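Colleague: Can you read through this structure? Questions will come right after.
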Amino acid sequence: MIGIIGGTGLGDTLGTVGKGQTHDIDTPFGRPSAPILTTEVGGVPVALLSRHGEGHVLNPSSVPYRANIFALKQLGVTRIIASGAVGSLREEIAPRDLVLPDQAIDRTFRRPGTFFEGLAVHVEMAAPFCPALRAALTSAATTVPVKVHLRGTYVCMEGPQFSSRAESEMHRQWGGDLIGMTVMPEAKLAREAEICYASVALSTDYDCWRAHRTDVDQIHLLEEIIANVQSATQNALALIRAGLPAIASLPASACACQQALKLAIWSDRRHIPREVRDRLAPITAKYLD
Numbered sequence: 001m002i003g004i005i006g007g008t009g010l011g012d013t014l015g016t017v018g019k020g021q022t023h024d025i026d027t028p029f030g031r032p033s034a035p036i037l038t039t040e041v042g043g044v045p046v047a048l049l050s051r052h053g054e055g056h057v058l059n060p061s062s063v064p065y066r067a068n069i070f071a072l073k074q075l076g077v078t079r080i081i082a083s084g085a086v087g088s089l090r091e092e093i094a095p096r097d098l099v100l101p102d103q104a105i106d107r108t109f110r111r112p113g114t115f116f117e118g119l120a121v122h123v124e125m126a127a128p129f130c131p132a133l134r135a136a137l138t139s140a141a142t143t144v145p146v147k148v149h150l151r152g153t154y155v156c157m158e159g160p161q162f163s164s165r166a167e168s169e170m171h172r173q174w175g176g177d178l179i180g181m182t183v184m185p186e187a188k189l190a191r192e193a194e195i196c197y198a199s200v201a202l203s204t205d206y207d208c209w210r211a212h213r214t215d216v217d218q219i220h221l222l223e224e225i226i227a228n229v230q231s232a233t234q235n236a237l238a239l240i241r242a243g244l245p246a247i248a249s250l251p252a253s254a255c256a257c258q259q260a261l262k263l264a265i266w267s268d269r270r271h272i273p274r275e276v277r278d279r280l281a282p283i284t285a286k287y288l289d
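Counting from 1, one number per residue, gives the positions in the sequence shown under our numbering.
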């Protein structure tokens with residue numbers, strides 16, 4: 001099953017309203033952002049989750065990332081495609097373009113970033129986005145009527161406020177191509193859960209390193225950004241839909257993401273409490289029991 005994490009109205013946009021089953025799940029980390037809909041898109045089993053909750057009521061710092069990923073794991077999700085709006089840090093990434101990031105810089109600091117409390121686990125994150133998923137989405141990129149950038153570095157800031165100009169310039173100097181607020185710790189948690197993870201980033205505007213237009217007022221500028229979000233969302237979901245058949249046919253054995261914990265658990269098994277084993281069983285049972 002493929003998990004798709006996106007904005008409010010995800011199921012509506014994918015044409016799945018009224019189809020499938022809704023799951024109201026509880027996890028050791030609380031409830032996910034919203035009930036999860038399991039259904040099919042083009043014959044491919046998917047689980048749809050609205051990251052910010054129904055009505056977009058959760059800001060990026062308030063999203064229950066651990067509950068979201070854990071709930072998807074409990075439902076049998078093995079791969080996740082996440083979409084989200086970003087600001088562009090590069091002239092060549094224009095508003096409404098899509099980006100398949102291959103690297104990330106994590107600047108978040110308020111969010112719980114691991115499932116593992118009571119044991120020491122260190123997963124590899126050299127490639128934070130699954131290469132196999134990215135390859136499948138890259139192949140599908142020719143099917144959408146918009147420019148798709150096939151790589152980029154995503155800087156994930158805490159928010160919910162936007163960057164200062166000094167921060168924006170710093171992110172550019174670091175090598176960042178996109179600035180957003182949601183890919184971390186989502187990608188790290190997916191790796192800990194041995195779920196492949198890739199992002200389709202939606203460029204909505206240029207971050208404040210680039211002076212905003214002076215020929216329109218703030219209201220019209222906001223309307224323009226919202227229109228960019230809507231257009232990019234449609235194109236992103238078209239890209240995801242086009243890539244689903246190839247993603248569904250990927251063999252699990254070909255991807256290191258789905259064996260991320262094999263060498264990552266450093267704790268002596270004899271000292272891991274039973275309550276910790278039980279709480280994390282959907283993720284760790286094959287290694288601890």
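Ideal Cβ positions, reconstructed from N, Cα and C, are used throughout, including at glycine. Predicted model only: the values in this text are computed from it and were never measured.
Going by the beta-carbon positions, is the gap between Ala-201 and Leu-137 smaller than 9 Å?
Modeller: Position 201 of the sequence shown holds residue 201. Position 137 of the sequence shown holds residue 137. Not a contact, by the Cβ cut-off of 9 Å.
Colleague: Go ahead and pull the three-state DSSP assignment for Ser-231.
Modeller: Taking the first residue of the sequence shown as 1, we reach residue 231 at position 231. Three-state result, Ser-231: helix.
Colleague: Is it right to say Ala-308 is buried, meaning 16 or more other beta carbons lie within 10 angstroms of its own, or is it exposed?
Modeller: What is shown of the chain runs 1 to 289, which leaves residue 308 out entirely.
Colleague: Identify which residue in Gly-42, Glu-158 and Arg-31 has its Cα closest to the Cα of Met-1.
Modeller: Counting from one through the sequence shown, the residue named residue 1 turns up at place 1. Comparing Cα positions, the closest option is Gly-42.
Colleague: Indicate whether the contact test is met: 3 or more Cβ pairs, each with one atom in the segment 177-189 and one in the segment 60-71, closer than 8 Å.
Modeller: At 8 Å Cβ cutoff, the stretches touch.
Colleague: Are the segment 163-182 and the segment 257-275 touching by the rule of at least three beta carbon pairs closer than 8 Å?
Modeller: No, the segment 163-182 is not in contact with the segment 257-275.
Colleague: Check the DSSP bridge columns for Pro-45 and list the partner residues they point to.
Modeller: For the purposes of this step, residue 45 is taken as residue 45 along the sequence shown, with counting starting at 1. Paired residue(s): Glu-40.
Colleague: So, at 6 Å on beta carbons, what are the nonlocal neighbours of Leu-37 in its own chain, with the 5 sequence-adjacent residues on each side left out?
Modeller: Walking along the sequence shown from the start, residue 37 turns up at place 37. The residues are Gly-11, Gly-20, Thr-22 and Leu-48.
Colleague: Helix, strand or coil: how does DSSP classify Arg-172 here?
Modeller: Indexing the sequence shown from 1 puts residue 172 at position 172. Of the three classes helix, strand and coil, the one that applies to Arg-172 here is helix, per DSSP.
Colleague: Checking 9 Å against the spacing of the C-beta atoms, do Leu-290 and Val-155 come in under that value?
Modeller: With the chain represented from 1 up to 289, any question about residue 290 goes unanswered, as that position is not in the structure.
Colleague: Enumerate in chain order the residues of its own chain whose CB-to-CB distance from Arg-134 is below 7 Å, with the five nearest sequence positions on each side excluded.
Modeller: If you number the sequence shown from 1, residue 134 lands on position 134. Closer than 7 Å at Cβ, skipping near neighbours: Leu-100, Asp-102 and Ala-198.
Colleague: In the DSSP assignment, what are the bridge partners of Thr-27?
Modeller: On the sequence shown, position 27 is the one that residue 27 refers to. Partner(s): Gly-30.
Colleague: Use the C-beta contact count for Ser-50: other C-beta atoms within 10 angstroms, 16 or more gives buried, fewer gives exposed.
Modeller: By one-based count along the sequence shown, residue 50 stands at place 50. By the neighbour-count rule (16 or more Cβ atoms within 10 Å), Ser-50 is buried.
Colleague: Return the chain-ordered ranges of every beta strand (DSSP E) run that is complete within the segment 108-153 and spans a minimum of 3 residues.
Modeller: Taking only runs of at least 3 residues, no beta strand (DSSP E) segment lies wholly in the segment 108-153.
Colleague: Which of helix, strand or coil does DSSP assign to Gln-21?
Modeller: For the purposes of this step, residue 21 is taken as the residue at position 21 of the sequence shown. Of the three classes helix, strand and coil, the one that applies to Gln-21 here is strand, per DSSP.
Colleague: If you draw a straight line from the alpha carbon of Gly-243 to that of Gln-258, how long is it in whole angstroms?
Modeller: Taking the first residue of the sequence shown as position 1, residue 243 is located at position 243. Taking the first residue of the sequence shown as position 1, residue 258 is located at position 258. Computed Cα separation, rounded: 20 Å.
Colleague: Where do the ends of the beta strand (DSSP E) carrying Val-86 lie?
Modeller: In the sequence shown, counting from the first residue as 1, residue 86 sits at position 86. Counting along the chain, the beta strand (DSSP E) containing Val-86 begins and ends at 79-88.
Colleague: Do the CB positions of Lys-147 and Pro-282 come within less than 9 Å of each other?
Modeller: To locate residue 147, count along the sequence shown from 1; it is residue 147. To locate residue 282, count along the sequence shown from 1; it is residue 282. No.
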